[in-house]
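Structure, as structure tokens:
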Amino acid sequence: MANVPTPHIGAAYGEIADTVIMAGDPLRAQFMAETFLDDAVLFNNVRGMLGFTGYYKGRRVSVMGHGMGIPSIGIYTYELFNFYDVQTIIRVGSAGSYSMDLKLGDLVLAMGACTNSSYGDQYRLPGTFAPIADFGLVKRAAEECDRRGINYKVGNVLSSDTFYSDTPEAEGWMKMGVLAVEMEASALYMNAARAGKKALVICTISDHVLTGEETTAEQRQKTFTNMMEVALSLI
Numbered sequence: 019m020a021n022v023p024t025p026h027i028g029a030a031y032g033e034i035a036d037t038v039i040m041a042g043d044p045l046r047a048q049f050m051a052e053t054f055l056d057d058a059v060l061f062n063n064v065r066g067m068l069g070f071t072g073y074y075k076g077r078r079v080s081v082m083g084h085g086m087g088i089p090s091i092g093i094y095t096y097e098l099f100n101f102y103d104v105q106t107i108i109r110v111g112s113a114g115s116y117s118m119d120l121k122l123g124d125l126v127l128a129m130g131a132c133t134n135s136s137y138g139d140q141y142r143l144p145g146t147f148a149p150i151a152d153f154g155l156v157k158r159a160a161e162e163c164d165r166r167g168i169n170y171k172v173g174n175v176l177s178s179d180t181f182y183s184d185t186p187e188a189e190g191w192m193k194m195g196v197l198a199v200e201m202e203a204s205a206l207y208m209n210a211a212r213a214g215k216k217a218l219v220i221c222t223i224s225d226h227v228l229t230g231e232e233t234t235a236e237q238r239q240k241t242f243t244n245m246m247e248v249a250l251s252l253i
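Right, dumping it as structure tokens:
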């Protein structure tokens with residue numbers, strides 16, 4: 019295709035699978051490729067945003083980093099959906115719990131994504147768009163969690179533009195039943211909706227806003243394998 023390689027992805031058309039599992043940290047993508055995939059081949063190293071295509075139990079899949087925040091995932095997923103004809107993107111990431119029912123290591127299946135970002139303004143809609151996941155992916159992921167005995171909750175997350183916020187924001191979102199905070203889901207869901215494609219965000223609770231508990235960077239990179247295996251089961 020004439021539009022590839024893109025300014026941010028160095029792959030030729032056809033080098034990326036129909037389903038891409040993405041993580042904010044490109045080293046987490048490399049970990050998935052080395053741990054779970056057979057015959058993994060590097061298709062991208064532009065700006066160090068590693069991407070690999072290989073096989074999981076005989077099924078072709080790609081894994082790739084997307085960076086931190088809505089602008090970064092917005093660029094990568096737009097190019098994957100629209101230039102590489104990717105059909106499904108599943109983000110596996112970390113999130114901060116807003117719920118006492120979610121402990122460190124539990125999973126959140128983001129059925130919807132609230133946001134304080136203006137990313138959706140580009141669509142010039144006469145109201146507020148509600149970004150949601152593909153229901154089929156949510157259902158299958160929940161069934162896989164049940165099968166594996168993994169603790170999880172399905173519901174709303176907050177995709178926040180601010181990691182270090184000058185104004186505390188958790189209490190208001192908690193009142194509305196938002197389960198956790200992360201930084202990318204809403205843009206992924208908007209890009210998927212606009213392209214007519216499928217998307218799901220699966221997050222592992224890496225820290226707890228209410229209790230102050232948190233995991234280390236190394237734990238986030240290498241030990242959040244439950245969500246990776248759930249995501250891989252969906253390809």
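In our numbering, the protein residues as written are 19 to 253.
All C-beta atoms, glycine included, are put in the ideal place defined by N, C-alpha and C.
Backbone CA spacing between residue i and residue j [nearest angstrom]
i: residue 153; j: residue 128; result: 10 Å
i: residue 147; j: residue 227; result: 27 Å
i: residue 29; j: residue 193; result: 44 Å
i: residue 69; j: residue 101; result: 16 Å
i: residue 23; j: residue 106; result: 19 Å
i: residue 57; j: residue 250; result: 16 Å
i: residue 254; j: residue 108; result: Within the shown structure, residues of the chain are numbered from 19 to 253, placing residue 254 beyond reach of any answer.
i: residue 229; j: residue 99; result: 38 Å
i: residue 21; j: residue 189; result: 44 Å
i: residue 84; j: residue 118; result: 29 Å
i: residue 164; j: residue 182; result: 35 Å
Secondary structure of residue i, DSSP reduced to three states
i: residue 250; result: helix
i: residue 69; result: strand
i: residue 202; result: coil
i: residue 174; result: strand
i: residue 74; result: strand
Contact under 9 Å by Cβ, residue i with residue j
i: residue 149; j: residue 205; result: yes
i: residue 195; j: residue 174; result: yes
i: residue 225; j: residue 232; result: yes
i: residue 162; j: residue 178; result: no
i: residue 244; j: residue 60; result: no
i: residue 120; j: residue 198; result: yes
i: residue 104; j: residue 35; result: yes
i: residue 31; j: residue 253; result: no
Member of the options whose CA lies at the smallest distance from the CA of residue i
i: residue 140; options: 157, 98, 212, 162; result: 212
i: residue 234; options: 245, 199, 173, 123; result: 123
i: residue 48; options: 253, 252, 246; result: 246
i: residue 67; options: 82, 189, 23; result: 82
i: residue 37; options: 155, 121, 161; result: 155
i: residue 64; options: 27, 143, 131; result: 27
i: residue 72; options: 33, 184, 117, 244; result: 33
i: residue 25; options: 62, 39, 221; result: 62
i: residue 151; options: 142, 157, 130, 159; result: 130
i: residue 223; options: 217, 242, 207; result: 242
i: residue 142; options: 208, 157, 182; result: 208
Closer than 8 Å: residue i CB and nearest the ligand PLP heavy atom
i: residue 222; result: The model on display carries no ligand, and the ligand PLP is accordingly not part of it.
- Message: Assess contact between the stretch 167-175 and the stretch 70-80, defined as three or more Cβ pairs (one per stretch) separated by less than 8 Å. Is contact present?
- Response: Contact fails: fewer than three Cβ-Cβ distances are below 8 Å.
- Message: Assess contact between the stretch 35-47 and the stretch 106-125, defined as three or more Cβ pairs (one per stretch) separated by less than 8 Å. Is contact present?
- Response: Counting Cβ pairs under 8 Å, three or more are found: they touch.
- Query: With a cut-off of 8 Å, do at least 3 Cβ pairs link the stretch 121-138 to the stretch 88-95?
  - Reply: These segments touch.
- Message: Under 8 Å, with one C-beta from each stretch per pair, do the stretch 45-54 and the stretch 91-107 reach the 3-pair mark?
- Response: Judged by Cβ distances under 8 Å, the stretch 45-54 makes no contact with the stretch 91-107, as fewer than three pairs qualify.
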